[in-house]
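Okay, so the sequence shown: first residue is 45 according to the numbering used here, each after it adds one. Using N, Cα and C, we set each Cβ at its ideal position, and we do this for glycine too.
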Amino acid sequence: MRIAGAPISWGVSEVPGWGYQLPVEQVLSDMRDVGLSATEFGPDGFLPHDDILGEYGLRAVGGFIPVVLHEGDPEVDLNRFVRAKADTVVLAASTGLDGYDTRPVLDDAGWKRLLSNLDRLAEAARSKGLTAVLHPHVGTMIERPDDVQRVLDGSEIPLCLDTGHLLIGGTDPAELAERAGQRIAHVHAKDVDATLATEVREGRRAFTDAVRAGMFRPIGDGDVDFERVVAALRKHGYDGWWVLEQDTILAAEPTDEGPIADVRRSAARLLEL
Numbered sequence: 045m046r047i048a049g050a051p052i053s054w055g056v057s058e059v060p061g062w063g064y065q066l067p068v069e070q071v072l073s074d075m076r077d078v079g080l081s082a083t084e085f086g087p088d089g090f091l092p093h094d095d096i097l098g099e100y101g102l103r104a105v106g107g108f109i110p111v112v113l114h115e116g117d118p119e120v121d122l123n124r125f126v127r128a129k130a131d132t133v134v135l136a137a138s139t140g141l142d143g144y145d146t147r148p149v150l151d152d153a154g155w156k157r158l159l160s161n162l163d164r165l166a167e168a169a170r171s172k173g174l175t176a177v178l179h180p181h182v183g184t185m186i187e188r189p190d191d192v193q194r195v196l197d198g199s200e201i202p203l204c205l206d207t208g209h210l211l212i213g214g215t216d217p218a219e220l221a222e223r224a225g226q227r228i229a230h231v232h233a234k235d236v237d238a239t240l241a242t243e244v245r246e247g248r249r250a251f252t253d254a255v256r257a258g259m260f261r262p263i264g265d266g267d268v269d270f271e272r273v274v275a276a277l278r279k280h281g282y283d284g285w286w287v288l289e290q291d292t293i294l295a296a297e298p299t300d301e302g303p304i305a306d307v308r309r310s311a312a313r314l315l316e317l
C-alpha cells in the first residue's frame with residue numbers, strides 16, 4: 045500500500061480565506077516524521093520549488109487542479125508534473141467560482157463539452173506518461189451520484205476515489221469501488237461524519253462551515269466503510285496511491301502537536317487494513 049500525504053490535511057488550501065496556513069517546512073517535516081514517502085503538490089505557491097520535497101525524503105505524487113471544463117477548451121500545464129517525476133494529474137470540474145459552497149446547473153451542451161474536455165485532457169496527460177483522473181468533489185460540477193455516473197458513461201477518464209467527498213455528495217464510496225473499481229486510478233482516503241455530511245448534502249449547512257466543524261475525521265473515526273473500500277480495490281487489482289487527505293481548517297497556529305496527530309492516526313489505521 046503506497047501511502048502519501050496532502051497539504052490540505054495541514055489546513056493548506058487553494059481557497060481564499062480558508063484559514064491559518066502552516067509553513068511549508070513544518071508540513072513537510074511532519075509528513076516525514078509520520079513516515080509518508082510522497083505528497084501531492086498542494087496549491088500553487090505552497091512549495092517554493094519542487095526540489096524541496098527531496099530535502100525531506102519525499103517524492104511528488106502529482107497535484108489537484110481545479111479546471112473549468114464546461115466552457116471553452118481549457119489546457120493544463122503538465123510540465124511541472126513531468127519535471128517533478130510525478131505520475132497523477134487530479135482534475136476537478138471547477139465551477140469557476142471561489143470556494144466550494146455553491147455550484148451552477150449544467151445543461152446538455154455544458155455536459156457534452158465537459159466530458160469532451162475530460163477525454164482530451166486525459167489523452168494529453170497520457171502522451172506525457174501521466175495519468176489524469178477526475179475527482180468528484182463537493183461544490184464542483186461533478187458532485188452527486190448522477191454526476192459521477194455521467195462521467196463513467198460518457199468519458200474514458202479514470203476516477204479519483206475521494207472517499208469523503210463522494211460520501212458527502214451522496215455516493216457510497218465502497219459501493220462505487222465494488223461496482224467500478226476498474227475505473228479507479230487514484231485514492232484520496234479520508235473519513236467523514238455522516239451527520240454533518242447530510243446537512244451539507246441537504247443544503248442545511250455550507251461545506252466550509254462543516255469542514256470547520258470537523259466534518260472530516262481521521263480514518264476509522266467517521267462513517268466511511270474502509271474495510272469494504274480496501275477489499276473492493278484489492279479485488280480489482282488497485283496498486284496506486286492512497287493519499288491521506290483530511291480537509292482541515294485551522295483558526296490559528298496550533299498550540300499542541302497540531303494536524304500531524306490525525307494524519308498519524310489515519311496512516312496507522314489504513315495500514316491495519
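What's the C-alpha gap between residue i and residue j?
i: E271; j: A218; result: 9 Å
i: S199; j: E243; result: 31 Å
i: L165; j: D300; result: 43 Å
i: L66; j: D163; result: 36 Å
i: E58; j: D131; result: 21 Å
i: K172; j: L196; result: 23 Å
i: L294; j: Y64; result: 5 Å
i: A241; j: L203; result: 21 Å
i: A312; j: F90; result: 26 Å
i: L150; j: I186; result: 10 Å
Considering Cα atoms alone, identify which of the options is closest to residue i.
i: L208; options: I263, A257, R227, Q193; result: The question names Leu, but residue 208 in the sequence shown is Gly. Out of I263, A257, R227, Q193, I263 has the C-alpha closest to the C-alpha of G208.
i: E289; options: Q70, L80, T239, E316; result: L80
i: G116; options: A153, I47, E69; result: A153
i: L315; options: V287, G213, D216; result: V287
i: N161; options: E119, V126, G213; result: E119
i: A42; options: Y282, G214, E167; result: A question about residue 42 goes unanswered here, because the residues of the chain that appear run from 45 up to 317.
i: Q70; options: I228, G214, K234, P298; result: P298
i: E84; options: V273, D265, V105, I228; result: V105
i: V126; options: R103, P148, R147; result: R103
i: D269; options: F108, A238, R227; result: A238
Spatial neighbours of residue i within its chain, please: CB distance less than 7 Å, with the 5 preceding and 5 following residues excluded, ordered by chain position.
i: A169; result: L122, V133, T175, A176
i: S138; result: P110, V111, V112, T184
i: R248; result: none
i: G140; result: V112
Between residue i and residue j, how many whole angstroms is the CB-CB distance? I'm expecting something under 8 Å.
i: V56; j: P92; result: With 8 Å as the limit, V56 and P92 do not qualify as a contact, their Cβ atoms being about 13 Å apart.
i: G49; j: V307; result: 7 Å
i: H179; j: L211; result: Going by Cβ atoms, the distance from H179 to L211 rounds to 14 Å, so no, they are not a contact pair.
i: F251; j: V182; result: 5 Å
i: D94; j: R46; result: D94 to R46, Cβ: 19 Å. No contact.
i: G101; j: R76; result: 5 Å
i: G214; j: R245; result: 6 Å
So, for residue i: in the same chain, excluding its five sequence neighbours on each side, which residues have a beta-carbon less than 6 Å away from its beta-carbon?
i: I304; result: D74
i: G225; result: A276, L277, H280
Output needed for residue i: all residues of its chain with C-beta closer than 8 Å, excluding positions within five of it in sequence on either side, in chain order.
i: L159; result: R194, V195, G198, S199
**Study point:** Length-filtered (3 minimum) beta strand (DSSP E) runs lying within the stretch 155 to 180
**Key:** Within the stretch 155 to 180, the runs of beta strand (DSSP E) at least 3 residues long that lie entirely inside it are, in chain order, 175 to 178.
Point to revise | Contiguous beta strand (DSSP E) assignments of at least 3 residues, all confined to the stretch 220 to 263 | key: 228 to 233, all fully within the stretch 220 to 263.
Exercise for review: Ignoring anything shorter than 3 residues or poking outside the stretch 83 to 149, list the beta strand (DSSP E) runs there in chain order.
Suggested key: Secondary structure in the stretch 83 to 149: the beta strand (DSSP E) runs of 3 residues or longer, each lying completely within the stretch, are 103 to 111, 132 to 137 in chain order.
Point to revise | Ranges of the beta strand (DSSP E) found wholly within the stretch 262 to 292, counting only runs of at least 3 | key: DSSP runs (the beta strand (DSSP E)) wholly in the stretch 262 to 292: 285 to 288.
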